[in-house]
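Report on the following structure.
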Amino acid sequence: MLKNANVTPEALTNLGQGLNRLSATTAQLGQLGEATNVTDEYTKRVRTAAQSLERINESYANTVEAVSAMSNATGDAKEYHLQVQNVTKNLGALNAVYEMELQDANTHLKSMNQFYGTLGKAMENMVQAGKDTENMQTQVADLTGNLTSLNRVYGNMLNAMRAGSAA
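All residue numbers for the sequence shown refer to the working numbering, where the first residue is -18 and numbers rise by one.
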């Protein structure tokens, strides 16, 4: 049967070598399976890293948006600060005007008080002048009465002297 099958020592050697190669190839296929497992694990890690990078990119985009918002807020804060400074300047100017008006009103009030004081004195002088006028009228009336009496006395004396010279 070996003769009919054409099994020669060379064929057996070839068969042995083929089996050795098959064994080596099988061993390599096992290593290839391990390499495939390692490659699968590497692929998973690369995917995880890619996902992490994607999350980092999203975080970076959010950070950029936040920084942009903060920059806008800083600009708004600067504008608000300028407006507050303008309001402060305006209030200072308004306060200065108010103080000048207050000083002017105070000066006016002092002038009015002085005027009323002078007017009061003038009224007192007018009252005194009225009293003096009444006193003068009384004295003029008395003087007129005295002159009338004196004129009678002189008139009587003149009449008596005329009557005595005519006699």
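Beta carbons: idealized from backbone N, C-alpha and C, even for Gly. Keep in mind it's a predicted model, so treat the numbers as computed, not measured.
Contacts around residue i, its chain only, beta-carbon distance under 6 Å, and the 5 residues preceding and following it disregarded
| i | result |
| --- | --- |
| Thr44 | none |
| Glu115 | none |
| Gln64 | none |
Nonlocal neighbours in the same chain, by C-beta distance under 8 Å from residue i, ignoring five residues either side
| i | result |
| --- | --- |
| Ile37 | none |
| Thr129 | none |
| His89 | none |
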